[in-house]
Structure formats: structure tokens, C-alpha cells
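Student:
There are 2 protein chains.
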Amino acid sequence: MIKRLTIIGVGLIGGSLARALRVAGACEEIVGWGRSPEPLQRALELGVIDRAESDIAAAVKGADVVLIGVPVGAMEAVLQQLKPHLEPQAVVTDVGSTKGSVVAAARKVFGILPPRFIPGHPIAGTEKSGAEASFAELFRNRRVILTPDEESDPDALALVRQLWQQAGAEVIEMSVEHHDEVLAATSHLPHMLAFTLVDTLARLEDHDDIFRFAAGGFRDFTRIASSDPQMWHDICLNNRDALLQMLRRFTDELNILAGAIEAGDGEALLETFERAKAARDDYCEKSC
Amino acid sequence: MIKRLTIIGVGLIGGSLARALRVAGACEEIVGWGRSPEPLQRALELGVIDRAESDIAAAVKGADVVLIGVPVGAMEAVLQQLKPHLEPQAVVTDVGSTKGSVVAAARKVFGILPPRFIPGHPIAGTEKSGAEASFAELFRNRRVILTPDEESDPDALALVRQLWQQAGAEVIEMSVEHHDEVLAATSHLPHMLAFTLVDTLARLEDHDDIFRFAAGGFRDFTRIASSDPQMWHDICLNNRDALLQMLRRFTDELNILAGAIEAGDGEALLETFERAKAARDDYCEKSC
């Protein structure tokens, strides 16, 4: 049982974990800290947290576990603020979408990745933001990636594992580099495509008519373009190399496809679509 | 009341219209024709059609209305086969995803777009194919675009309008060119992006791991990559110019975005994502 869990940034992810751990009876007290008073107050009113603290020192005082749920661009500043106030035995973890940048921020602030700081990333979310959008079931049957290193404290790692398992998730460990590559492919690239598609269409002259005739496929395809702009700004700047590499691969493939359309090369088109359909059907059979 | 409706190609769209018109009590008899005997037999067993005909002359004999539901690449050959057997007063319509190519095929076969041939396209579908996937509610509250021209027979147009309205759809008229541009933007381009994304990822070395860590956003984003390859092959070849133009616009925007990521231009990224989110939220408020 965790006596005090402090959540730094009570948004969709932090809020949903708080709700899940409450349902599981895993914490005695959940304290929330946030940069702006209104959303924090709202999280308190919704019963997501037990106590709201606007002072970060007061928030982490006596906390066994500190979960950082801020956008990755704010990570370094938050760690800097936390550093003097963390309890010596406190276990720290985060939910940032990019792990290389979080480890770099920790190294910059602490000199090393502290053994009791276990970087993490739940592969779950919706296009909505904020504690209002949080729900206890968000992580059920979803995967959480942890990226500890050789110096990581086994007890701290076990505790963070257990935390996510209590929220219903499957916990997997991988290297920071592999995480950032995998996420660039499966999450960051698709978001770039969805944002760019919607923006391209919105800039067309007859954009009202265009959107009017969009069907269900378009609605699903573009759902992720409703995601939080600040969060995605941070992700782009914090997983730049892996994302740019995936963007280049995608653009190369798209250019080849456009070339086949231009040349009327039906065989190449059919091959591409069949290969993609087979891969997508196979993925869906395993994971949908 | 239509006495005899003949559906040429009883797939998802033709089959769903047959089911909807049956529920509405709009037809006395629904006859189906298909190139392959098994799927046609299956449509008969499922009660989608009343009678299966493998001979196209027998299928259209006595039909008041002929609905063509074959992929657009098969349109010209099907019209050629139909031509000698159509009743003089028969109303013909189609559900092809590209309209310029359908009108061109009609002109090639008949010399003109026959006044009683009303080209149409329901903006509805799923990633599934075949009469097995058909359901009567597919067109409810969806839009159907008709692209008649100045020579079109008003009675034929009124009949096709009524047909779709009886299936629960809203009917809209527009020019062939505008249809093909709008659909290139809202449907054909997104399908190219989904097919290309899945294919790009499937070609990565660690593709099993990649797909394993894909989350819900990826599942929704790639759903349309499970669509019928042959149908999309046909669409690409039959709406080539409008699709290539949209692909170029998209690629230009994606290159600008990649440039902003590479340059670390956070302001440009934030602006793009905010504009896209606003457009997508606005679209969703009106149509989701």
C-alpha cells in the first residue's frame, strides 16, 4: 500500500491513474500539484485527488511515490523544482511520451538518472485532455513501457510495475532508444499525418464543402488531430531524430505510390494495397 | 413502388441498398447479378436479393431500375454488356467512387451520358467488403451525391433521389468535377496515407514489435487500410489527376512540417497543430 502518491500534473493520464489506484485501493492519499490553480481545483472537486497543493515542496513532502504527468517539454523545469524537496526514499516515475529526452533531463538535473527514478510511458490515451477526461479504466489491458537502466533500483522498479498492474496494465521493459523508435513509428508519425491532412484540407478554398462530405473513415482517421497541440509540440521537439527518420521513410513510400498512380502502374498499386491490408488485418486480429 | 430492381454487383453497397429498400418496402423484386457464382449465391441465401442471375441479359430483363455496384475499373465492361439488354425505359444509376471516369465510360459505350443514367455515389461504407458485410442502416443519415447533367431526365433523377431517400440518406447534387475533387481530398488521399503508413511500418525490420505497441489511435487511424485493394486500385487509376494534386499539396505541407521539426521551430509546430485541431474539432461538432 502506498501511503502518499503525489501526481505532478493531474491531466488525462495522471488523473486516470489516480482514479484507477483509488478503485484498486492502492493508495492511502493522493496529492495533486498543478501549474494553474483552476484545473487542479477541478481535479479535487471531481474526487480525482484528495488534496491539491500549489506549492511543489508541500506537494512532494512525505510522498512515497511521485508521478510526473507534465508534457515532456516541461520535464526538466519540473525536475529542477522537485529536486530539493523529494524524500530520500521517494520513488519517482513519469508518463512522458518520449523517453530519451526525459532521461536527458534527469541527467541534466541530477547528474545521473537517479536509481529510484523509473521512466515510464503508458500506451494509452484519448484525443481529450485534462482531469475532466480521466477515467479509471484507461489503462485496463493496455501496455505500459518502462525504460529502467542497469543502475535502476530493483525495489523502485518493482513498485512502479505494481502500480501500473494495479491499474490493469501489462508492463513491459525496453531500452530508451527502442521506445523512442517504436513510438515514432506507431504514434508520432500517425499524429503528424493526421494534423497535416486536416490542416491541408482546412487550407483549401472550398474547405467547408470538403469537410461536409467527409465520411466515417475520415472521422476516425483524423480523430488524433484533435489531440493537445502543446503536448505534440513537445513530442516533436523531444523525439526529433527518430520522428524525422520515420517521416523520411514515409515520404519516400508516398512518393513511390504517387509515382505509380501517375504512371498508371496498376500492378504496383495493387501490390502495395494488398500488402498493407494484410499487415493491418494481421495487426487487428492480434490487437483490435 | 419499383417493380424490379436489378443490382449489378451485390457487394457491401449494393447489398446494403437492397436490404434498406426491402425494409422500406420500396421494391417488389430485387434481382442480383455477379461475376462469380459463390458470392451471388451467398447474397441469395442471406435474403439480400430475391433472385440470382448469372446471365446479365436475364438479370436486366424487365428491370425498371438497374443499379451498378461494381468497382469503377469494371464499369465500362459492364455497361458494354448491359447495353443491348436494357429496357428502353429503365433507369440506370451507379455507386462508383469516382464520377468522371464513370461518365467517360458511359460516353464511350453509349456515345452520350444517357438521360436516364444518373451517376451517383453514396458517402458511406466500411472497411469490409461483400454482401455478408451489408446492412440496411448503412445509408441512414449519410449523404449521397448525384452528378446528373443538363440532359438528364427529370423523372429518372427523381426516382434515383427517392430510392436513396427511402434508404435514409440525404441526396445532394453536384458537378462531376467537384465530386472528384472533394472525394480526392476527404476519402482518396486519407486512404493513400493509411495504406502507405501501414506498408511503411510493415517493411521495418522490427515490424512485429512495432505493431505490438500500437495504441487505439493507430487502430482507428489505420482502419481504412483494411479496405478492398482492388477497389482502391481502380479509384487511383480513375481519379488520377485530382488525387495526384491532393497528394502534392499534402506532401508539400508534410515537408514544411518536417522542416519545422528539423529546425526546432516550436512556434510553427504549435501553429500548425492548433489550426488542425480547431478545424477537426469544428468538423466534428458539425458531423461526428
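Going line by line, the protein sequences match chains X and B.
The first sequence begins at 54 in the working numbering and counts up one residue at a time.
The second sequence begins at 54 in the working numbering and counts up one residue at a time.
From the three backbone atoms N, C-alpha and C, an ideal C-beta is built for every residue, glycine too.
Looking only at its chain, what residues have a beta carbon closer than 7 Å to the beta carbon of X:A313, apart from the 5 residues adjacent to it on each side?
Tutor: Here residue 313 of chain X refers to the residue found at position 260 when the first sequence is read from its first residue. Taken in chain order, the residues that qualify are A321, L322.
Student: Answer yes or no: does any C-beta atom of chain X fall closer than 8 Å to that of B:Q283?
Tutor: Within the second sequence, the letter at position 230 stands for residue 283 of chain B. It does; some Cβ of chain X falls within 8 Å.
Student: Tell me the rounded alpha-carbon separation between B:L99 and X:I225.
Tutor: Sequence index remark: in the second sequence, residue 99 of chain B carries index 46 (1-based). Sequence index remark: in the first sequence, residue 225 of chain X carries index 172 (1-based). Cα to Cα, B:L99 sits roughly 46 Å from X:I225.
Student: Enumerated in chain order, which unbroken segments of the alpha helix (DSSP H) with a length of 4 residues or greater are wholly contained in the segment 74-155 of chain X?
Tutor: The segment 74-155 of chain X contains these whole alpha helix (DSSP H) runs: 90-98, 109-113, 128-135.
Student: Select from the segment 247-270 of chain B all residues with a C-beta closer than 9 Å to any C-beta belonging to chain X, and list them in chain order.
Tutor: Going along the segment 247-270 of chain B in chain order, one finds A247, F248, T249, L250, V251, D252, T253, L254, A255, R256, L257, D259, H260, D262, I263, F264, R265, F266, A267, A268, G269, G270 with a Cβ nearer than 9 Å to chain X.
Student: Could you tell me the alpha carbon to alpha carbon distance between B:A295 and X:E324, rounded to whole angstroms?
Tutor: By 1-based counting over the second sequence, the position of residue 295 of chain B is 242. By 1-based counting over the first sequence, the position of residue 324 of chain X is 271. Roughly 22 Å between the two C-alpha positions.
Student: So B:A311 contacts chain X; which residues on that side make the cut at Cβ distance below 9 Å?
Tutor: Position 258 of the second sequence, counted from the start, is the residue given in the question as residue 311 of chain B. Ordered by position in chain X, the residues that pass the 9 Å Cβ test against B:A311 are M245, L296, L297, L300, R301, T304.
Student: Report the residue from X:M299, X:M54, X:R333 whose alpha carbon sits nearest the alpha carbon of B:D273.
Tutor: Position 220 of the second sequence, counted from the first residue, corresponds to residue 273 of chain B. Checked all of X:M299, X:M54, X:R333; the closest Cα to B:D273 is X:R333.
Student: Taking a cut of 9 Å between CB atoms, which residues from the segment 222-247 of chain X lie near chain B?
Tutor: Listed by position along the chain: I225, M227, H231, H232, E234, V235, L236, A238, T239, S240, L242, P243, H244, M245, L246, A247.
Student: Of the residues B:S69, B:I121, B:E81, B:A77, which one's Cα is nearest the Cα of B:R88?
Tutor: Within the second sequence, the letter at position 35 stands for residue 88 of chain B. Of the listed residues, the one whose Cα sits closest to B:R88 is B:I121.
Student: Measuring alpha carbon to alpha carbon, tell me which residue in X:L212, X:L242, X:N292 is nearest X:V229.
Tutor: Along the first sequence, read from residue 1 onward, the residue named residue 229 of chain X stands at position 176. For the residues X:L212, X:L242, X:N292, the minimum Cα distance to X:V229 belongs to X:N292.
Student: How would you list, in chain order, the residues of chain B whose beta-carbon sits under 8 Å from the beta-carbon of X:L120?
Tutor: Here residue 120 of chain X is taken as the residue at index 67 of the first sequence, counted from 1. In chain order: nothing, as chain B lies at least about 19 Å away.
Student: Provide the residue(s) that pair with B:T361 in DSSP beta bridges, ordered along the chain.
Tutor: Since the first residue of chain B shown is 54 and the last is 341, residue 361 of chain B is not available in this structure.
Student: Is the shortest distance between the beta-carbon of X:D334 and the beta-carbons of chain B less than 8 Å?
Tutor: Position 281 of the first sequence, counted from the start, is the residue given in the question as residue 334 of chain X. It does; some Cβ of chain B falls within 8 Å.
Student: Rounded to whole angstroms, how far is the Cβ of X:V118 from the Cβ of X:A143, which I believe are closer than 8 Å?
Tutor: Numbered from 1 along the first sequence, position 65 holds the residue referred to as residue 118 of chain X. Numbered from 1 along the first sequence, position 90 holds the residue referred to as residue 143 of chain X. The pair is a contact, with the Cβ atoms about 7 Å apart (cut-off 8 Å).
Student: What are the complete beta strand (DSSP E) segments, minimum 3 residues, inside the segment 173-236 of chain X?
Tutor: With a minimum length of 3 residues, the continuous beta strand (DSSP E) runs that stay inside the segment 173-236 of chain X are 173-176, 196-199, 223-226.
Student: Against chain X, with Cβ distances strictly below 8 Å, would B:K181 count as a contact?
Tutor: Within the second sequence, residue 181 of chain B is the residue found at index 128, counting from 1. With 8 Å as the cut-off, B:K181 does not count as an interface residue toward chain X.
Student: Kindly say whether X:R196, judged by its beta-carbon, lies nearer than 8 Å to any beta-carbon of chain B.
Tutor: Within the first sequence, numbered from 1, the residue matching residue 196 of chain X stands at position 143. By this cut-off, X:R196 is an interface position.
Student: State the DSSP-derived secondary structure class of X:F274, mapped to helix, strand or coil.
Tutor: Counting from one through the first sequence, the residue named residue 274 of chain X turns up at place 221. Here X:F274 sits in helix by DSSP.
Student: Is the CB of B:I176 under 8 Å away from at least one CB in chain X?
Tutor: To locate residue 176 of chain B, count along the second sequence from 1; it is residue 123. Yes - at least one Cβ of chain X is within 8 Å of the one on B:I176.
Student: Chain X beta carbons: is any one of them nearer than 8 Å to that of B:T200?
Tutor: Mapped onto the second sequence, residue 200 of chain B falls at position 147. Closer than 8 Å: no.
Student: Under 8 Å, do B:G183 and B:G317 count as touching if we go by C-beta distance?
Tutor: The residue you call residue 183 of chain B lines up with position 130 of the second sequence. The residue you call residue 317 of chain B lines up with position 264 of the second sequence. No. Outside cutoff.
Student: Do B:P243 and X:L236 count as a contact pair if the criterion is CB distance below 8 Å?
Tutor: Indexing the first sequence from 1 puts residue 236 of chain X at position 183. Indexing the second sequence from 1 puts residue 243 of chain B at position 190. Going by C-beta atoms, X:L236 is not nearer than 8 Å to B:P243.
Student: In terms of DSSP beta bridges, what is B:I171 paired with?
Tutor: To locate residue 171 of chain B, count along the second sequence from 1; it is residue 118. B:T146, per the DSSP bridge assignment.
Student: Would you say B:A105 faces chain X, with C-beta separation under 8 Å as the test?
Tutor: The residue given as residue 105 of chain B occupies position 52 in the second sequence. With 8 Å as the cut-off, B:A105 does not count as an interface residue toward chain X.
Student: State buried or exposed for B:V113, treating a residue as buried only when at least 16 other CB atoms are found within 10 Å of its CB.
Tutor: Here residue 113 of chain B refers to the residue found at position 60 when the second sequence is read from its first residue. Buried, by the Cβ-count rule.
Student: Could you have a look at B:M54 and say whether DSSP puts it in helix, strand or coil?
Tutor: Here residue 54 of chain B refers to the residue found at position 1 when the second sequence is read from its first residue. Coil, per DSSP.
Student: Assess contact between the segment 124-132 of chain X and the segment 142-160 of chain X, defined as three or more Cβ pairs (one per stretch) separated by less than 8 Å. Is contact present?
Tutor: Short answer: they touch.
Student: Roughly how many angstroms separate the alpha carbons of B:L139 and B:S340, rounded to a whole number?
Tutor: By one-based count along the second sequence, residue 139 of chain B stands at place 86. By one-based count along the second sequence, residue 340 of chain B stands at place 287. If I take the Cα positions, the gap works out to 39 Å.
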